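Numbering (the UniProt record's numbering), first residue to last: 1 to 481.
Note that the Cβ used here is the ideal one computed from N, Cα and C, for glycine as well.
Just so it is clear, the structure is predicted and the values come from calculations on it, not from any experiment.
What follows is a short report on a single structure.
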């Protein structure tokens, strides 16, 4: 009964985490779209004088609202903020520093800066970080803050879910976060009996379905062993059925002990197999040997382990590998360019040692005639993807200043092109992509396409040159007419 209760309790916690993850999806919609009808109704009833993240649940509140608050509390576990203009984000109380975990600046805050917003660290004229203020207010976080690229066009900040690359909440990641929180709350010392999670390791084992069922029966006490039959009240004449002779004698106890000892084989790499361990096969052949000893009076031979290895190899060879999709970096054939279209090749180079990035762009006419090139370098930049996005934004700013209205952007970053064209959210470049979308409205016709690096070597060379000439903690822009 105690084991049954433990299984039910574990199942209850799984179901509870799953329900919390589903409810959190509704909480996420309220948080990310505060102007929707549901959010406005709930605000008028439950948190009129405060925000959704600070709202409390009263005992007299509806069951639905209490569930939304539970989902809201789950969101807090991995909630961050993508900084764009910083006007709505508290400098000290909101998690805006990191994209990996909810991180707030550590105080203590001075009396002057207690109520500051992040926007007060941004120069209102250049829309970039005011380094002098950062060094005086957050001296230990200067590098991390400078890696965040605010919006140049004044877009508003946005809450993001840090457990996904897109920054959008998903029930799957919410479930895993809820389970991790439960496991941390119910942490118990690991004993020898808990080294293997049978419910997970058995059904996920790389072996045949027949052996999975056998291992499940073994772990659940459902094998036809004498003690198991007697514990279920099944009394059989020992003289008629030999299996009951093992209800109390050494052979059955030895089999159980051997199975427990075989668990140590789970770390042994299979000989001649690649997909799993020998543990299931050894258990199966020990079971067959035990049955042959009882019913056919055959003794144990040294070939038992060899047979287990041979069968494991045989089964492994018989498996059909799933077909793998080949990823190609071929650009789509967009046909001959319009002679009136300005083609812009954009590329970036990134140095991980000091998180410096160089940007390069080349403008050509539809007839492949050179028009203009430019470059820029700065630090710090968070990643190569962020560098590619910033390079594209710089190229758009340059094209807008030139008065061009028909533009085709070509980049060798598939992730960036996908994020712009399909409006897929990527947390680390969210603000920059929003700027790109807003800049795109300045053109009569604009397109963004993927191109292999071999076709944008000139922009790549310019970006690498800009990076090689860059001195850290300064920035420069070069534009050649």
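* Counting pairs of Cβ atoms below 8 Å between the stretch 67-85 and the stretch 156-170, do you hit three or more? -> yes
* To do: Going by DSSP, name the residue or residues bridged to residue 347.
  => For the purposes of this step, residue 347 is taken as the residue at position 347 of the chain shown. Answer is 360.
* Asked: Do residue 351 and residue 412 have their C-beta atoms closer together than 8 Å?
  -> Along the chain shown, one-based indexing puts residue 351 at 351. Along the chain shown, one-based indexing puts residue 412 at 412. Their beta carbons are not under 8 Å apart, which means residue 351 does not touch residue 412 by this criterion.
* Asked: Run through DSSP, which three-state label would residue 394 get?
  -> Stepping through the chain shown from its first residue, residue 394 is reached at position 394. If DSSP states are grouped into helix, strand and coil, residue 394 belongs with the helices.
* alpha helix (DSSP H) segments (min. 4 residues) lying fully within the stretch 94-125 -> none
* Asked: If you check the beta carbons only, do residue 358 and residue 377 fall under 8 Å apart?
  -> What you label residue 358 is simply residue 358 of the chain shown in a count that begins at 1. What you label residue 377 is simply residue 377 of the chain shown in a count that begins at 1. Against a cut-off of 8 Å, the Cβ pair of residue 377 and residue 358 comes out as a contact.
* Asked: Taking the continuous beta strand (DSSP E) assigned at residue 447, which residues delimit it?
  -> Residue mapping note: residue 447 aligns to position 447 of the chain shown, counting from 1. Where residue 447 is concerned, the enclosing beta strand (DSSP E) stretches over 445-450.
* To do: Please state whether DSSP places residue 282 in a helix, a strand or coil.
  => Along the chain shown, one-based indexing puts residue 282 at 282. Of the three classes helix, strand and coil, the one that applies to residue 282 here is helix, per DSSP.
* Cα separation between residue 370 and residue 421? -> As a working note, residue 370 is residue 370 in the chain shown. As a working note, residue 421 is residue 421 in the chain shown. Roughly 26 Å separates the two Cα atoms.
* Asked: Between 344, 280, 42, which lies nearest to residue 450 when the distance is taken from Cα to Cα?
  -> Here residue 450 refers to the residue found at position 450 when the chain shown is read from its first residue. Ranking 344, 280, 42 by Cα distance to residue 450 puts 344 first.
* Whose CA, out of 415, 443, 36, 368, lies closest to the CA of residue 400? -> Numbered from its first residue, the chain shown carries residue 400 at position 400. Of the listed residues, the one whose Cα sits closest to residue 400 is 443.
* Asked: Where does the unbroken beta strand (DSSP E) through residue 406 begin, and where does it stop?
  -> Mapped onto the chain shown, residue 406 falls at position 406. Residues 406-411.
* Three CB pairs or more closer than 8 Å across the stretch 89-96 and the stretch 106-123 -> yes
* Asked: In terms of alpha-carbon separation, which member of 176, 415, 385 lies closest to residue 22?
  -> The sequence position of residue 22 within the chain shown is 22, counting from 1. Nearest of 176, 415, 385 to residue 22, Cα basis: 176.
* Asked: Does residue 166 come within less than 8 Å of chain C when only Cβ atoms are used?
  -> Protein chain content of the structure displayed is limited to a single chain, and chain C is not contained in it.
* Measure the alpha-carbon distance for residue 392 versus residue 346 and round it to whole angstroms. => As a working mapping, residue 392 is identified with position 392 in the chain shown. As a working mapping, residue 346 is identified with position 346 in the chain shown. Straight-line Cα distance between these residues: approximately 6 Å.
* Per-residue DSSP class, three states only, for residue 403 -> Sequence index remark: in the chain shown, residue 403 carries index 403 (1-based). Three-state DSSP puts residue 403 in coil, outside helix and strand.
* Asked: What's the C-alpha gap between residue 338 and residue 456?
  -> Here residue 338 refers to the residue found at position 338 of the chain shown. Here residue 456 refers to the residue found at position 456 of the chain shown. Taking the straight line from one Cα to the other gives about 19 Å.
* Hey, could you find the ends of the beta strand (DSSP E) residue 375 is sitting in? => By one-based count along the chain shown, residue 375 stands at place 375. Its beta strand (DSSP E) spans residues 370-378.
* To do: For my contact list, residue 72 and residue 53 are in at a C-beta cut-off of 8 Å; report their separation, rounded to the angstrom.
  => Taking the chain shown and counting its residues from 1, one reaches residue 72 at position 72. Taking the chain shown and counting its residues from 1, one reaches residue 53 at position 53. About 7 Å separates the two Cβ atoms, so the contact holds.
* Asked: Which of helix, strand or coil does DSSP assign to residue 252?
  -> The residue given as residue 252 occupies position 252 in the chain shown. Here residue 252 scores only 45 on pLDDT, less than 50, and its place in the model is too uncertain to base an answer on.
* **Cβ separation of residue 97 and residue 105, assumed to be a contact under 8 Å, to the nearest whole Å** => As a working note, residue 97 is residue 97 in the chain shown. As a working note, residue 105 is residue 105 in the chain shown. About 6 Å separates the two Cβ atoms, so the contact holds.
* **Option nearest residue 16 by Cα separation, candidates 38, 462, 74, 363** => Position 16 of the chain shown, counted from the start, is the residue given in the question as residue 16. Answer by Cα proximity: 74.
* Work out the CA separation of residue 204 and residue 278 for me, nearest whole Å. => If you number the chain shown from 1, residue 278 lands on position 278. If you number the chain shown from 1, residue 204 lands on position 204. Straight-line Cα distance between these residues: approximately 14 Å.
* What three-state label does DSSP hand residue 30 in the structure shown? -> Mapped onto the chain shown, residue 30 falls at position 30. Three-state result, residue 30: helix.
* Asked: Helix, strand or coil for residue 244 per DSSP?
  -> Position 244 of the chain shown holds residue 244. Bear in mind that a pLDDT of 41 at residue 244, under 50, signals an unreliable position, so the model cannot answer this.
* To do: Take residue 146 as the anchor and find which of 461, 355, 374 has the nearest alpha-carbon.
  => Locating residue 146 in the chain shown gives position 146, counting from the first residue. Checked all of 461, 355, 374; the closest Cα to residue 146 is 355.
* Asked: The alpha helix (DSSP H) with residue 315 in it runs from where to where?
  -> Sequence index remark: in the chain shown, residue 315 carries index 315 (1-based). First-last of the alpha helix (DSSP H) with residue 315: 303-318.
* Beta-carbon proximity of residue 280 to residue 211, cut-off 8 Å -> One-based indexing of the chain shown puts residue 280 at position 280. One-based indexing of the chain shown puts residue 211 at position 211. Cβ atoms of residue 280 and residue 211: closer than 8 Å.
* Alpha-carbon spacing of residue 308 relative to residue 174, whole angstroms -> By 1-based counting over the chain shown, the position of residue 308 is 308. By 1-based counting over the chain shown, the position of residue 174 is 174. Distance between the alpha carbons of residue 308 and residue 174: 41 Å.
* **Boundaries of the alpha helix (DSSP H) in which residue 466 is found, first to last residue** => Here the question's residue 466 lines up with position 466 in the chain shown. 457-468 is the span of the alpha helix (DSSP H), which, as asked, contains residue 466.
* In or out: residue 213 buried (at least 16 other Cβ within 10 Å) or exposed? -> Taking the first residue of the chain shown as position 1, residue 213 is located at position 213. So residue 213 ends up on the exposed side.
* Asked: Which value, in whole angstroms, describes the spacing of the CA atoms of residue 303 and residue 202?
  -> Along the chain shown, one-based indexing puts residue 303 at 303. Along the chain shown, one-based indexing puts residue 202 at 202. Their backbone Cα atoms lie some 25 Å apart in a straight line.
* Asked: When we look at the beta-carbon of residue 295 and count the other beta-carbons within 10 Å, is it buried (16 or more) or exposed?
  -> Reading the chain shown from its first residue, position 295 is the one you call residue 295. Looking at its Cβ environment, which holds fewer than 16 other Cβ atoms inside 10 Å, residue 295 is exposed.
* **Nearest candidate by alpha-carbon position, reference residue 208, set 36, 318, 348** => As a first step, residue 208 must be located in the chain shown, where it is residue number 208. Per the Cα distances, 318.
* Assuming residue 155 contacts residue 434 (C-beta within less than 8 Å), just tell me the rounded distance between them. => For this step, residue 155 is matched to residue 155 along the chain shown. For this step, residue 434 is matched to residue 434 along the chain shown. Yes, residue 155 and residue 434 are in contact; Cβ-Cβ is about 5 Å, under 8 Å.
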